[in-house]
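**Q**
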Amino acid sequence: MTSEEFCLSDADVQPPMILKNHNSAALFCAILKKKYVQGGVVMRCVFCNEPAGFLKSYHDACYQKVQALLNKMEKIVNEYNQETIHVADAKKELISIALSSELYQNYVRYEIFNITAIRTNETIVYVESGLNISESKNRCRMVETGYRYEKKPVWTETDNLIGSNVSVAMTDKSVYLLIQGKAMMYPYGKIVNLGYDEKCGYAYFDVKTASPYPHRFSISSLNRKDKNKAGNVCLFLKCLMGY
Ligand SMILES: [Zn+2]
1 MTSEEFCLSD
11 ADVQPPMILK
21 NHNSAALFCA
31 ILKKKYVQGG
41 VVMRCVFCNE
51 PAGFLKSYHD
61 ACYQKVQALL
71 NKMEKIVNEY
81 NQETIHVADA
91 KKELISIALS
101 SELYQNYVRY
111 EIFNITAIRT
121 NETIVYVESG
131 LNISESKNRC
141 RMVETGYRYE
151 KKPVWTETDN
161 LIGSNVSVAM
171 TDKSVYLLIQ
181 GKAMMYPYGK
191 IVNLGYDEKC
201 GYAYFDVKTA
211 SPYPHRFSIS
221 SLNRKDKNKA
231 GNVCLFLKCL
241 MGY
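According to the UniProt record's numbering, the sequence shown is numbered sequentially starting from 1.
1. Give the range of the alpha helix (DSSP H) segment to which Ile-95 is assigned.
2. Terminal residues of the continuous beta strand (DSSP E) containing Lys-182?
3. Taking one C-beta from the segment 95 to 105 and one from the segment 68 to 78 each time, how about it: are there three or more such pairs within less than 8 Å?
4. If the criterion is Cβ atoms closer than 9 Å, does the pair Glu-128 and Asn-232 meet it?
5. From this set, Lys-225, Leu-240, Gln-180, which residue's C-alpha is nearest Tyr-188's C-alpha?
6. Hey, Leu-131 and Lys-56: beta-carbon distance below 9 Å or not?
7. Under 6 Å Cβ to Cβ from Met-43, same chain only, skipping five residues before and after it: list those, please.
8. Mapping the DSSP letters down to three states, classify Val-168 as helix, strand or coil.
9. Should Ala-52 be counted as a contact of ligand 1 given a C-beta to heavy atom distance under 8 Å?
10. Reducing DSSP to helix, strand and coil, say where Cys-140 ends up.
11. Does Cys-48 come within less than 9 Å of chain D when only Cβ atoms are used?
12. Exposed or buried, Lys-238, counting other C-beta atoms within 10 Å across all chains shown (16 or more means buried)?
13. Any heavy atom of ligand 1 inside 8 Å of the beta-carbon of Leu-103?
14. Please list, following the chain, all residues that have a C-beta closer than 5 Å to any non-hydrogen atom of ligand 1.
15. Mark His-86 as exposed unless 16 or more other C-beta atoms lie within 10 angstroms of its C-beta, in which case mark it buried.
16. Considering only C-alpha positions, which residue in the set Lys-173, Thr-145, Lys-137, Gly-201 is nearest to Thr-158?
17. Measuring CA to CA, which of Cys-62, Glu-93, Lys-65 is closest to Met-80?
18. DSSP state of Thr-116, grouped into three classes?
19. Output needed for Ala-88: all residues of its chain with C-beta closer than 8 Å, excluding positions within five of it in sequence on either side, in chain order.
20. CA-CA distance, Cys-140 and Phe-47?
21. Might you give, ordered along the chain, the residues of its own chain that have their beta carbon closer than 6 Å to the beta carbon of Val-143, omitting 5 neighbours on each side?
22. In terms of residue numbering, what span does the alpha helix (DSSP H) encompassing Ala-230 cover?
23. With distance defined between alpha-carbon atoms, name the residue in Gly-181, Lys-173, Leu-161, Pro-214 nearest to Val-192.
24. For the putative contact between Ser-167 and Leu-222, defined by C-beta atoms under 8 Å, what is the C-beta separation to the nearest angstrom?
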């Protein structure tokens, strides 16, 4: 940040004592105006990282450019799903679109709050945020059979919500579940099954484990009306994995 700009500090946001009188609002505006004239309350655009203007977090033009790239990507994953494009070409195109624009790379980095979780030799292709993630695990318990007092394994399934309002990032090599404070990474080679439950609106993928039963992650949208998110996760995963 240069000396020309500043962010709203707590002192600016919380009205000082003087704001108790009826001129307070005008004064507060004047304080802001003065600072605006001096350089302004300028936030940086999440896409291009240039000053975005008074109380704005992005430029409309940058937003539209990134949206156009997302539309292009969505078209490719749909083509792959309809088998009108070969998987190798589809994946290559997705990666090249992701790398074609610095605005896009800044956007995915902005969406991933713990960027250090992503391996540096991987290319981030797509991020979906505002998701809930559940984990189903089969746990083994040894029980006596009664007859000869032998022990045999019994599997019970547990289903836990492991993250709310979290992001899923997909690179050229792996999928990352970015849950507050931790990131879980699964290389595509470890994923044995995936799909989308249209009726319930969630995507899922199964990870290979040592137990005879897979370990399942279910991904749904935080906002139930927004079912596209889970569908998108499934389509992008399919295409990047060549499933
Ligand atoms: Zn911008």
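Just so it is clear, CB atoms sit at the ideal spot from N, CA and C, and this is done for glycine as well. Note that the structure is a prediction, hence the values are computed from the model and not measured.
**A** Short version:
1. 87 to 100
2. 182 to 187
3. yes
4. yes
5. Leu-240
6. no
7. Ala-52, Ser-57
8. strand
9. yes
10. strand
11. The chain inventory of the structure shown lacks chain D, comprising one protein chain alone.
12. Classification of Lys-238: buried, given that the 10 Å Cβ count is 16 or more.
13. Flag set: Cβ of Leu-103 near ligand 1.
14. Cys-45, Phe-47, Cys-48, His-59, Cys-62
15. When all chains shown are included, His-86 counts as exposed.
16. Lys-137
17. Here residue 80 turns out to be Tyr, not Met, going by the sequence shown. Ranking Cys-62, Glu-93, Lys-65 by Cα distance to Tyr-80 puts Glu-93 first.
18. Three-state result, Thr-116: helix.
19. Gly-242
20. When only Cα atoms are considered, Cys-140 and Phe-47 end up about 48 Å apart.
21. Val-154
22. 228 to 241
23. Pro-214
24. Contact flag wrong, Cβ pair sits at about 11 Å.
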